[in-house]
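Asks:
Protein chains: 2
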Amino acid sequence: MTRATTLRRDAQRTALLDAAERRIADAGLTALKARDLASEVGCAVGALYTLVADMDEVVLRVGSRTLGRLDAALTASAASAAAGTPAARLVAIARTYADFAADNLHLWRALFEFRLADGRALPDWSAEEQIRLFRHIDAPLSALRPDLPDAERHLLARTLFSAVHGIVVLGLEGKLIAVPRAGLHGQIAMVVEAIAHGLAAGQGSGNGNR
Amino acid sequence: MTRATTLRRDAQRTALLDAAERRIADAGLTALKARDLASEVGCAVGALYTLVADMDEVVLRVGSRTLGRLDAALTASAASAAAGTPAARLVAIARTYADFAADNLHLWRALFEFRLADGRALPDWSAEEQIRLFRHIDAPLSALRPDLPDAERHLLARTLFSAVHGIVVLGLEGKLIAVPRAGLHGQIAMVVEAIAHGLAAGQGSGNGNR
DNA sequence: ACCATATTATGAACATCGTTCATTTCATAT
DNA sequence: ATATGAAATGAACGATGTTCATAATATGGT
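Quick note, the sequences are listed as chains G and B, same order.
At the far end of the first sequence sits residue 224, using our numbering, and the numbering has no gaps.
At the far end of the second sequence sits residue 224, using our numbering, and the numbering has no gaps.
Laid out in structure tokens, this is it:
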């Protein structure tokens with residue numbers, strides 16, 4: 015394969031992912047169809063499979079883009095809050111996460127609505143991207159509790175993320191009981207501050223685990 | 015329709031839901047197929063649609079059973095912990111939730127993996143069942159903060175549920191980073207106790223909302 | 001008991017997916 | 001210019017949920 019063809023095929027793949035991203039952003043993951051994608055990109059269905067292995071790869075690669083933008087947003091947020099207390103930094107990150115989710119609803123949902131078929135494992139590069147996000151939580155946590163061993167702090171970071179994620183999911187899901195953004199921010203601040211306070215209190219003594 | 019036929023059809027419907035429940039429990043929601051179900055129950059595919067409107071109804075009704083068992087577990091747990099502090103009662107309920115999720119993994123996952131097609135709304139009876147569960151959280155919360163207006167306390171109950179739910183989801187999902195049950199209980203206790211402590215501290219003054 | 005009518009069961013057919021494959025078209029290198 | 005290998009095509013395949021003409025069955029009136 016010559017250099018020119020490689021470039022052309024990369025451009026095609028990019029166009030494919032652009033179209034897929036637009037579709038998911040507009041109408042959600044379930045609206046992403048192979049035939050639509052092919053016609054949008056201007057090729058036959060079969061040609062898709064020379065650009066990607068299957069639809070899962072499309073979703074994963076769009077997810078990668080979303081994770082990249084989320085990472086950038088969290089990085090910016092962490093930088094803005096860098097001067098504050100660890101608790102304030104954690105709250106800032108959590109709120110940035112909530113805002114990102116609200117502003118990128120369908121793409122964000124696609125990140126975790128997507129389930130691989132039984133037996134198929136997440137590619138390493140995808141799993142690694144997800145794990146990398148935790149560093150934004152890990153850093154303020156280090157400041158808050160420098161005494162904790164890495165493993166325990168990582169577990170805490172996961173827990174903190176999960177708690178906030180859960181609040182955001184439920185807050186953004188029911189149109190009926192939709193929580194306005196200010197209310198969502200308030201709930202997040204309450205939870206994150208309470209945990210940060212609890213962690214600071216636990217310093218030196220027990221670790222809060224049972 | 016005579017009484018005998020009503021009974022017979024109810025029995026068929028029950029057999030259908032039994033089979034569906036078994037299938038989901040064994041192999042997850044994605045393994046539930048109309049044709050499998052029909053052959054398991056011993057009828058033609060078309061006959062399914064005289065017992066239920068569509069597959070969504072099957073999933074919803076199995077979900078209803080799961081919610082019923084979850085409710086019973088939470089009720090029992092709340093009764094056992096009734097003598098403790100509000101914080102301890104909240105922790106007990108959260109742990110019961112985590113245990114139920116772990117012990118009924120596929121059925122529990124089916125509760126929220128299932129998404130209605132665009133536009134279709136949850137039946138009222140299903141939404142109401144879900145909301146009823148919050149009362150288990152609401153009660154200890156009332157003891158903890160009798161000063162809070164109902165609406166605010168309900169929002170808090172939702173937040174608390176979401177946070178714990180998030181932790182349980184992530185804790186039970188990755189086989190890679192699987193958190194052992196004791197670790198999961200530890201994380202839950204930490205978070206719930208921290209929030210309870212924060213709420214108790216907030217009594218009388220501000221409400222922790224921004 | 002018998003038949004007219006309404007209800008229910010049947011399973012082939014349909015629509016919609018993702019995916020594959022024989023075939024054609026195209027690009028590259030000699 | 002032609003031979004060879006890569007890429008594109010779109011019909012076909014296998015699942016899937018759902019529907020429908022038809023057959024079987026149950027119900028109720030006489």
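Yeah, the Cβ is synthetic: ideal placement off N, Cα and C, and Gly gets one too.
Can you give me the C-alpha to C-alpha distance between ASP24 (chain B) and GLY82 (chain G), rounded to a whole angstrom?
Replies: If you draw a straight line from the Cα of ASP24 (chain B) to the Cα of GLY82 (chain G), it comes to about 52 Å.
Asks: Measure how close the beta-carbons of GLY158 (chain G) and ALA171 (chain G) come, nearest whole angstrom, since I'm counting them as under 8 Å.
Replies: Before going on, a small fix: residue 158 (chain G) reads as Leu here, not Gly. Not quite, the Cβ-Cβ distance comes to about 11 Å (not below 8 Å), so this is no contact.
Asks: For ALA106 (chain B), which of B:LEU121, B:LEU119 and B:ALA90 has the nearest alpha-carbon?
Replies: B:ALA90
Asks: Cβ of GLY77 (chain G) less than 9 Å from any chain B Cβ?
Replies: no
Asks: What whole-angstrom Cβ distance do ALA116 (chain B) and ARG36 (chain B) have, given they're in contact under 8 Å?
Replies: ALA116 (chain B) to ARG36 (chain B), Cβ: 19 Å. No contact.
Asks: Assign PRO194 (chain G) to one of three DSSP states: helix, strand, or coil.
Replies: coil
Asks: What residues in the stretch 196 to 208 of chain G bring their beta carbon closer than 8 Å to a beta carbon of chain B?
Replies: ALA196, GLY197, HIS199, GLY200, GLN201, ALA203, MET204, VAL205, GLU207 and ALA208
Asks: Can you pull the chain G neighbours of ARG172 (chain B), defined as C-beta to C-beta under 9 Å?
Replies: ILE181, LEU184, GLY185, ILE191, VAL193 and GLN201
Asks: Does the CB of SER176 (chain B) have a neighbour CB from chain G at under 9 Å?
Replies: Judged by the 9 Å Cβ criterion, SER176 (chain B) is in contact with chain G.
Asks: Are the beta-carbon atoms of LEU169 (chain B) and ALA208 (chain G) separated by less than 9 Å?
Replies: no
Asks: Is any beta-carbon of chain G found at less than 9 Å from that of ALA108 (chain B)?
Replies: no
Asks: Using the beta-carbon count (16 or more within 10 Å), is VAL59 (chain B) buried or exposed?
Replies: exposed
Asks: Could you check if GLN217 (chain G) is buried or exposed, using at least 16 other CB atoms within 10 Å of its CB as the buried criterion?
Replies: An exposed status is given to GLN217 (chain G), since fewer than 16 other beta-carbon atoms sit within 10 Å of its beta-carbon.
Asks: Give the residues of chain G in contact with GLY8 (chain B), contact being defined as C-beta atoms less than 9 Å apart.
Replies: Residue 8 (chain B) is absent from the structure shown; chain B starts at 15 and stops at 224.
Asks: Is there a C-beta anywhere in chain G that falls below 9 Å from the one on ARG36 (chain B)?
Replies: no
Asks: Could you name the residues of the same chain whose beta carbon sits closer than 6 Å to that of LEU198 (chain B), not counting the 5 residues immediately before and after it, in chain order?
Replies: ALA112 and GLY185.
Asks: Using CA coordinates, which residue listed in G:ASN118, G:ASP132, G:ALA61 and G:ALA95 is at the minimum distance from ARG27 (chain G)?
Replies: G:ALA61
Asks: Give me the chain G residues within the contact set of LEU169 (chain B), using Cβ-Cβ distance strictly less than 8 Å, ordered along the chain.
Replies: Taking a Cβ-Cβ threshold of 8 Å, the residues of chain G close to LEU169 (chain B) are VAL193, GLY197 and GLN201, in chain order.
Asks: Within 9 Å (strictly less), CB to CB, does SER219 (chain G) reach chain B?
Replies: Model confidence at SER219 (chain G) stands at a pLDDT of 49, short of 50, so the residue's coordinates are unreliable and nothing is read from them.
Asks: Quick one: what's got a C-beta closer than 6 Å to LEU104 (chain B)'s C-beta in the same chain, skipping five residues either side?
Replies: The beta carbon of LEU104 (chain B) is closer than 6 Å to those of PRO154, VAL206 and ALA210 in its chain, skipping five residues each way along the sequence.
Asks: Looking at the unbroken alpha helix (DSSP H) that takes in PRO100 (chain B), where does it start and where does it end?
Replies: 100 to 117
Asks: Thinking C-alpha only, which one of B:ALA165, B:LEU51, B:VAL183 and B:GLN201 is nearest VAL193 (chain G)?
Replies: B:ALA165
Asks: Compare the Cα-Cα distances from ASP85 (chain G) to each of G:ALA18, G:GLN144, G:ALA97 and G:LEU21 and report the closest residue.
Replies: It is G:GLN144 whose Cα lies nearest to the Cα of ASP85 (chain G).
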